[in-house]
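If you count the sequence shown from 1, position 185 lands on 396 in the numbering used here, and the numbers rise without skipping.
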Amino acid sequence: MAKIICIAIPKGGVGKTTTAVNLAASLAVLEKRVLLIDADPFGACALALGFTQEKIKGGLYEVYNFIYSLSQVIHRTELPFLDFIPVNIRSVQMEERLLRLSENKTLLRNILQSITPYYDYIIIDTPPVLKGLTTAALLCAHSVLIPIRSGYFSLEGIDKLLKYIESIRETYNKGLTIEGIVQTMYEPHTKVTEIMDHELMQRFRKYLLQTIIPRSTHLNEATFYGKPVVLFNASSKGATAYLNLAREILQHGNEEAVNIVGGQSESEVQGSTL
Ligand code: ATP
Ligand code: MG
């Protein structure tokens with residue numbers, strides 16, 4: 212069964228899409244079966260993976276409108292282990308309609324159920340707002356990965372998101388966890404970075420991931436060439452960082468599995484002594 216990870220924070224330009232695309236590609240390079248879903252009407256994931264409009268045969272929009280099933284809009288990518296579902300919004304009217312349809316709280320969760328057995332990870336990119344498709348994604352996700360741009364004050368965005376996650380946990384999705392906070396576009400040795408590092412350690416230490424994504428022109432350039440950075444320049448700092456992020460997230464999966472197995476075996480042991 213796929214682990215569904217939603218990439219979210221209500222702040223623009225902090226590296227959500229770059230993280231969604233490159234984390235998905237890195238997990239795929241590590242031979243995990245990955246599906247990347249673009250749930251941002253802006254549609255930047257398609258550009259970052261080199262999907263021009265002619266190459267898109269349908270997306271989330273058609274699925275929400277019951278024109279196609281989810282499996283009909285799965286696109287293969289250059290990486291054998293990575294599949295992709297674009298959002299496929301081509302007008303303001305389509306965007307408004309998708310926003311209205313995304314208010315249905317259970318639709319995405321129900322639709323995804325049919326394909327979760329075929330993937331190890333489903334990564335969902337979201338827009339820089341909490342309502343609409345971000346909420347739909349949070350309602351069906353197992354965890355949230357929060358990218359924050361180093362030196363750019365997005366800390367109040369984290370507070371807002373954490374409160375929202377708490378309310379979702381209390382209502383629709385009790386199992387939702389926080390995968391972690393990942394710093395992006397990191398530039399060491401600057402005053403702002405120093406201040407932000409200090410603030411993050413003070414307020415969100417338990418969520419901070421070890422992997423830090425440095426500012427890297429290769430990451431920016433790769434988007435223009437429509438490739439994940441690992442296919443654009445596999446030895447670049449950016450590619451290495453996202454591979455490390457993928458490994459750290461895989462490690463979380465292993466720890467969760469150990470916890471579950473540990474819990475079961477404990478009760479089995481207790482049961483056997485009765
Ligand atoms: P939006 O909220 O508008 O969807 P976003 O949070 O998805 O934005 P991105 O589109 O991923 O942010 O990144 C914003 C810009 O920063 C892009 O031009 C991207 O190429 C660039 N960028 C992202 N990460 C890095 C990095 N580590 N180094 C250099 N440039 C980066
Ligand atoms: Mg984006």
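Think of the CB as a built atom: it goes at the ideal place given N, C-alpha and C, for glycine as much as any other residue.
Item, Value
"At a threshold of 7 Å, does D408 count as lining ligand 1 (C-beta to nearest heavy atom)?", "no"
"Do T388 and S354 have their C-beta atoms within less than 8 Å of each other?", "yes"
"Could you check if A257 belongs to the surroundings of ligand 2, using beta carbon to heavy atom distance under 7 Å?", "no"
"Can you give the beta carbon distance from Y330 to V274, rounded, assuming they're within the 8 Å contact cut?", "Going by Cβ atoms, the distance from Y330 to V274 rounds to 16 Å, so no, they are not a contact pair."
"Could you check the C-alpha separation between I267 and H400 for me, to the nearest Å?", "43 Å"
"Can you tell me whether K374 is buried or exposed, with buried defined as 16 or more other CB within 10 angstroms of its CB?", "exposed"
"Hey, out of P328, L356, R320, I326, whose CA is closest to D336's CA?", "L356"
"Establish whether the CB of M396 and some CB of chain B are separated by less than 8 Å.", "Within the model displayed, chain B is absent; a lone protein chain is all it includes."
"Give, in chain order, every unbroken run of the alpha helix (DSSP H) that is at least 4 residues long and sits entirely within the region 312 to 343.", "318 to 324"
"What are the boundary residues of the beta strand (DSSP E) that includes V355?", "354 to 360"
"Is T422 helix, strand or coil when you go by DSSP?", "strand"
"Look up I460 in the DSSP assignment and say whether it is helix, strand or coil.", "helix"
"Do Y418 and L234 have their CB atoms nearer than 8 Å?", "no"
"Quick one: does the C-beta of K227 sit closer than 7 Å to a heavy atom of ligand 2?", "yes"
"Is D251 close to ligand 2? I mean its beta-carbon at under 7 Å from any heavy atom of the ligand.", "yes"
"DSSP three-state label for L277, please.", "Residue identity check: residue 277 is Phe in the sequence provided, not Leu. Coil at F277, not helix or strand."
"Ligand 1 heavy atoms versus the CB of S427: any closer than 7 Å?", "yes"
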